[in-house]
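Q: Before I ask anything, let me first share the structure, which is written out below as C-alpha cells.
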Amino acid sequence: MAGSDSTRWSDAFVGSLLGTAIGDALGRPVKGWSASRIAREHGQVRDMLGHPRGRYTEDTEMMIVLAEWLLEEPHLDGEALARRLRARYDPDRDYGRTTTDVMRRLRAGESWETAGEHAFARGSFGNGAAARIAPCALRLHREADELARVVEISALVTHSHPLGVGGALLQARQIALVLESTGEPLDPSSFIVDLRSATTSIEFRNKLRTVEECLDRRAPRHVVRDRLGVNATALGSVPTALFCFLSQPESFEEAVGYAIDLGGETDSIGAMTGAIAGARHGASAIPARWKSVLERGARGATYIEEIATRLYERTLVQGA
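Mapping of the sequence shown onto our numbering: position 260 corresponds to residue 413, and the numbering continues sequentially without gaps.
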C-alpha cells in the first residue's frame, strides 16, 4: 500500500471511531428534544453543548469495548464480549432501560445467550448494537461473511431481536461500503443499490427505498423524520443515519449536524452518522472545535484514536 493510501486509510479508521464519539457527544445534551425545540433554542447545533461538554454516552463506551474485544480476544465469542461489557458497565453513561436489564442479568450470572432475550418477548430491536458497530466494520470490511458472523455475535449479547441484529448488520455494511469507496466519487443511488442487494431484511430493504425517495425528492426535515424515524429502534434510526450522511456527502460537520437537528434519538443517530461520515472523510475532516472538547481521561479522545490506529495496523498486517 502506497504511503499516501496508507495515511488515508488510517485517517478513515480514526475518523470512524472518533466520528462515533463526536456524534454521540454532540447529540447527548439534546437527546429527546423535538426539532422545533432545537431550532428555537439553538438554531442549528454546531457546537458542543451540555455539562460537561464533549461527554459521550453508552454508545461510545460499548464501541470502545467492542474494539478492545476485536484486538485482544483470540476467539471472538459472545461470552468474552459479554464479560467485557459487564465489567465496563457505567450507569452514568445513560444506558437505556433494556441494556441496563441485560447488564443486570449478566452480573447475576445469566448466560449471554439468554440475557438479551427478555425484552419485548423476542429481544431488543433497539439501535444500540448498530451504534457501537464501527470497529467490526473497520476490521472486517473486506470479509463480508466474517463481518456478518461477528456483527451477529456482537449484537446478540444485548439485542437479540432480528431487527436489532439487522440494524447492526446494515450499519456495518454502510461503513464497510464507504471504506471500499475511499478515494472514489460517491453516487448515492449506486450506494443504496449495493446496500439493498446485500440486505436480506425486508423491513430494512423497504426503508432503504424510502431513503432513496427522500434523497430524490430532497425531502424537508419534517418528512425525513416522519418517513424514516428519529427514535431508538434500529428500524427508525439506522436508515436515518444513512440519509443524513448521503444528504450531506461532502461534509462531516454538516452530515452530523443535520442528524442532531432532526431531534429525537440524537446521540445514537449522531453516533451512527459520525461513524459513516468519519470513515468517508477521515479524522482530519472533523472540526477541531469538536475534537478539542471531546472528553479526555483513560478512555477519552486520545485512547479512541489509539485503538482505531491499532485496528488499522491489525487489518493491514493480516491483509483483511
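Glycine is no exception: its CB is placed at the ideal position from the N, C-alpha and C atoms. Note that this is a predicted model, so its numbers are computed, not measured.
Which same chain residues end up closer than 7 Å to Ala284 when comparing Cβ atoms and leaving out the 5 residues on each side of it in sequence?
A: One-based indexing of the sequence shown puts residue 284 at position 131. Asp212, Ser421, Ala424, Met425.
Q: Excluding the 5 residues preceding and the 5 following Ala308 in the sequence, name in chain order all residues of the same chain whose CB lies nearer than 7 Å to its CB.
A: Your numbering for residue 308 matches position 155 in the sequence shown. The answer, listed in chain order, is Ala282, Gly317, Val318, Ala321.
Q: Rounded to whole angstroms, what is the Cα-Cα separation between Tyr209 and Asp245?
A: Numbered from its first residue, the sequence shown carries residue 209 at position 56. Numbered from its first residue, the sequence shown carries residue 245 at position 92. Using only the alpha carbons, I get a separation of about 10 Å.
Q: Could you check what DSSP says for Gly423 in three-state terms: helix, strand or coil?
A: Walking along the sequence shown from the start, residue 423 turns up at place 270. Of the three classes helix, strand and coil, the one that applies to Gly423 here is helix, per DSSP.
Q: Taking only runs of the alpha helix (DSSP H) that begin and end inside the segment 388-418, which ones reach a length of at least 4 residues, in chain order?
A: Whole alpha helix (DSSP H) segments, 4+ residues: 391-400, 405-414.
Q: In its own chain, which residues sit with a C-beta less than 6 Å from the C-beta of Ala329, not counting the 5 before and 5 after it?
A: Your numbering for residue 329 matches position 176 in the sequence shown. If we look at Ala329 and ignore the five residues flanking it on each side, its Cβ neighbours are Ala290, His294.
Q: Please classify Arg237 as buried or exposed, where buried requires at least 16 neighbouring CB atoms within 10 angstroms.
A: Here the question's residue 237 lines up with position 84 in the sequence shown. By the neighbour-count rule (16 or more Cβ atoms within 10 Å), Arg237 is buried.
Q: Which of the three DSSP states is assigned to Thr386 in this structure?
A: For the purposes of this step, residue 386 is identified with residue 233 of the sequence shown, where counting begins at 1. Residue state, collapsed to three classes: strand.
Q: What is the DSSP secondary structure of Gly262, counted as helix, strand or coil?
A: As a first step, residue 262 must be located in the sequence shown, where it is residue number 109. It is coil, neither helix nor strand.
Q: In terms of residues, what are the limits of the alpha helix (DSSP H) holding Val376?
A: Here the question's residue 376 lines up with position 223 in the sequence shown. Start and end: 374-381.
Q: Taking 7 Å as the threshold (beta carbon to beta carbon), is Asn384 in contact with chain C?
A: Among the chains in the structure shown there is no chain C, since it carries only a single protein chain.
Q: Output the boundary residues of the alpha helix (DSSP H) element that contains Asn280.
A: Here residue 280 corresponds to residue number 127 of the sequence shown, with the count starting at 1. Taken as a continuous stretch (DSSP letters only), Asn280 belongs to no alpha helix (DSSP H), as it is neither H nor E.
Q: Can you give the Cα-Cα distance for Arg349 and Asp254, rounded to whole angstroms?
A: For the purposes of this step, residue 349 is identified with residue 196 of the sequence shown, where counting begins at 1. For the purposes of this step, residue 254 is identified with residue 101 of the sequence shown, where counting begins at 1. So the alpha carbons of these two residues sit roughly 33 Å apart.
Q: Considering only C-alpha positions, which residue in the set Glu418, Ala430, Gly269 is nearest to Ser404?
A: Position 251 of the sequence shown, counted from the start, is the residue given in the question as residue 404. Closest option to Ser404, Cα to Cα, is Ala430.
Q: How would you call His314, buried or exposed, if buried means at least 16 neighbouring beta carbons within 10 angstroms?
A: As a first step, residue 314 must be located in the sequence shown, where it is residue number 161. With 16 or more Cβ atoms within 10 Å of its Cβ, His314 is classed as buried.
Q: Exposed or buried, what is Asn359 when buried is set at 16 or more other beta-carbons lying within 10 Å of its beta-carbon?
A: On the sequence shown, residue 359 is found 206 positions in, with the first residue counted as 1. Exposed.
Q: Between which two residues does the alpha helix (DSSP H) carrying Leu301 extend?
A: Looking up residue 301 in the sequence shown gives position 148. The amino acid at residue 301 is misidentified as Leu; the sequence shows Ala. Unbroken alpha helix (DSSP H) run through Ala301: 297-309.
Q: Between the beta-carbon of Gly207 and the beta-carbon of Glu448, is there less than 7 Å?
A: For the purposes of this step, residue 207 is taken as the residue at position 54 of the sequence shown. For the purposes of this step, residue 448 is taken as the residue at position 295 of the sequence shown. Yes, they are a contact pair.
Q: Whole angstroms is fine: what's the gap from Ala473's alpha carbon to Ile306's?
A: Counting from 1 along the sequence shown, the entry for residue 473 is found at position 320. Counting from 1 along the sequence shown, the entry for residue 306 is found at position 153. For Ala473, the predicted structure reports a pLDDT of 43, less than 50, and the residue's modelled location is therefore unreliable. The matter cannot be settled from this model.
Q: Go ahead and pull the three-state DSSP assignment for Tyr209.
A: Taking the first residue of the sequence shown as position 1, residue 209 is located at position 56. In this structure, Tyr209 counts as coil in the three-state DSSP scheme.
Q: Should Arg326 go down as buried or exposed, given a rule of 16 or more other Cβ atoms within 10 Å for buried?
A: Taking the first residue of the sequence shown as 1, we reach residue 326 at position 173. Classification of Arg326: buried, given that the 10 Å Cβ count is 16 or more.
Q: So, under 8 Å CB-CB, Val331 and Arg433 are touching, yes? Tell me the CB distance rounded to an integer number of Å.
A: Locating residue 331 in the sequence shown gives position 178, counting from the first residue. Locating residue 433 in the sequence shown gives position 280, counting from the first residue. With a Cβ gap of about 5 Å, Val331 and Arg433 count as contacting.
Q: Taking C-beta to C-beta, are Gly231 and Val304 nearer than 7 Å?
A: Sequence index remark: in the sequence shown, residue 231 carries index 78 (1-based). Sequence index remark: in the sequence shown, residue 304 carries index 151 (1-based). Not a contact, by the Cβ cut-off of 7 Å.
Q: For the candidate residues Met215, Pro373, Gln324, whose alpha-carbon lies nearest to that of Leu300?
A: Locating residue 300 in the sequence shown gives position 147, where the first residue counts as 1. When each option's Cα is compared against that of Leu300, the closest is Gln324.
Q: Just the Cα atoms here: how many angstroms apart are Glu250 and Met215?
A: Translated into positions along the sequence shown, residue 250 becomes position 97. Translated into positions along the sequence shown, residue 215 becomes position 62. The sequence shown places Arg at residue 250, not Glu. So the alpha carbons of these two residues sit roughly 15 Å apart.
Q: How big is the Cα-Cα spacing for Leu219 and Thr363?
A: Reading the sequence shown from its first residue, position 66 is the one you call residue 219. Reading the sequence shown from its first residue, position 210 is the one you call residue 363. Roughly 30 Å between the two C-alpha positions.
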